[in-house]
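Trainee: Got a structure here, written out as structure tokens. Questions coming.
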Amino acid sequence: MEARRVPMGFRIFIGLAIFLLVFLLARPSDPATKSQIDFWKKTASLFGESDIEGFVGIALLTGCTIFTILCYKIVIRQIEKKLNNK
Numbered sequence: 011m012e013a014r015r016v017p018m019g020f021r022i023f024i025g026l027a028i029f030l031l032v033f034l035l036a037r038p039s040d041p042a043t044k045s046q047i048d049f050w051k052k053t054a055s056l057f058g059e060s061d062i063e064g065f066v067g068i069a070l071l072t073g074c075t076i077f078t079i080l081c082y083k084i085v086i087r088q089i090e091k092k093l094n095n096k
């Protein structure tokens with residue numbers, strides 16, 4: 011019996027959905043609280059960055075991408091396991 015795979019369109023949808031969900035959950039609230047502003051200022055200063063808004067954007071893009079890749083692999087593996095257990 012041949013192993014069944016998740017269709018590519020569904021894979022793309024899963025990847026985009028995970029990225030969007032993680033990004034919306036991880037982004038700072040608007041207006042940002044004093045503690046959030048302090049956190050991002052301290053974190054940016056650790057990396058020697060003076061542009062706080064740019065640093066937040068790069069940090070979110072990088073962090074969300076890494077988290078999305080990890081979750082994507084786990085979700086696809088679980089779906090394929092369910093498809094092939096018939």
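Take 11 as the starting number for the sequence shown in the numbering used here and just add one per residue. Backbone N, C-alpha and C fix where the C-beta goes; we use that ideal spot for every residue, glycine too. Predicted, not measured: the structure shown is a model, and the values here were computed from it.
1. Could you work out which residue in TYR82, PHE57 and ILE68 is closest to ARG37 when comparing CA atoms only?
2. Just curious, the alpha helix (DSSP H) that GLU63 is in, first and last residue?
3. Using the rule of at least 16 other Cβ atoms within 10 Å of the residue's Cβ for burial, across every protein chain shown, is THR72 buried or exposed?
4. Could you work out which residue in THR78, ASN95 and VAL85 is closest to PHE29 when comparing CA atoms only?
5. Rounded to whole angstroms, what's the CA-CA distance from ILE22 to GLY64? Just pull it up for me.
Mentor: With the given structure in hand:
1. Ranking TYR82, PHE57 and ILE68 by CA distance to the CA of ARG37 puts ILE68 first.
2. Here the alpha helix (DSSP H) through GLU63 covers 62–94.
3. With fewer than 16 other Cβ atoms inside 10 Å of its own Cβ, THR72 counts as exposed.
4. PHE29 has its Cα closest to that of THR78, out of THR78, ASN95 and VAL85.
5. ILE22 and GLY64 have their C-alpha atoms some 28 Å from each other.
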